Ligand code: GAR
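In our numbering, the protein residues as written are 10 to 199.
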């Protein structure tokens, strides 16, 4: 069985969806949910589903005796960024080369980068009168929302959609596709 660690900074609807998916699929489990925010709702969701949680600060994220040790202790095979708002430091990217993936709520390379998260993304898509949006799942590197794309899914936007409508359409795609793509990535080398 493979072991997944999820990094998240916010509400955690993706984390919850991924945890539940792998509770029903014996190929992997979510062993750990880590957050840079002690009051992030993702921690409640994870504890309610009996998944261990860990809160860290910047120093613990970058130190060789911090987060990296916790990941090793749990034999983590894949790191999933699900609404994680810090860049991943090189100490983690080196150790988990090709094993850190991120989801972004837009069709990268458009609408990515620092400050582009949550409703900021959907408002920008709305302002530019885009006819479609979607999700991008990609390998993470040292930059925000960068790295090789693994998968994208699109949704059509209507002229009268507001930013909440766009967010809902994108969220549905995240719920539908993210866990299955994580499974594909986990099993691709077998
Ligand atoms: C998701 O929409 C995810 O795509 C986005 O944060 C949200 C987290 O929601 N990530 C980014 O914007 C990364 N740049 P959640 O906490 O409910 O899963």
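Here a beta-carbon is modelled for each residue, glycine too, at the ideal position from N, C-alpha and C. All of these numbers come straight from a predicted model, not from anything done at the bench.
- Short note on residue 150: C-beta not closer than 7 Å to any heavy atom of the ligand GAR.
- In this structure, residue 143 places its C-beta atom within 8 Å of the C-beta atom of residue 115.
- When only Cα atoms are considered, residue 191 and residue 102 end up about 17 Å apart.
- DSSP lists 146 as the bridge partner or partners of residue 160.
- Residue 98 has its CB no nearer than 7 Å to any heavy atom of the ligand GAR.
- Exclusion of the five residues before and after residue 156 leaves 147, 148, 149 and 150 as the residues of its chain whose Cβ lies within less than 6 Å of its Cβ.
- Taking C-beta atoms as the reference points, residue 113 and residue 172 fail to come closer than 8 Å.
- Look at residue 12 here: in three-state DSSP terms it is strand.
- Within the model, the alpha-carbon separation for residue 51 versus residue 13 is close to 15 Å.
- Distance from the Cα of residue 128 is smallest, within the candidate group 105, 179, 88 and 169, for 179.
- For the set 17, 176 and 34, the Cα lying nearest the Cα of residue 49 is the one of 17.
- Annotation for residue 111: the continuous beta strand (DSSP E) segment containing it runs 109 to 113.
- Taking 8 Å as the cut-off, the Cβ atoms of residue 139 and residue 163 do not count as close.
- A residue is called buried when at least 16 other Cβ atoms come within 10 angstroms of its Cβ; residue 54 meets this threshold and is buried.
- Collapsing the DSSP output to three states places residue 22 in a helix.
- Take the alpha-carbon of residue 27 and the one of residue 39: they are about 8 Å apart.
- Residue burial annotation: residue 170 is buried, with at least 16 other C-beta atoms found within 10 angstroms of its C-beta.
- The closest heavy atom of the ligand GAR lies less than 7 Å from the beta carbon of residue 23.
- Cα atoms of residue 92 and residue 21: separation of roughly 7 Å, rounded to the nearest angstrom.
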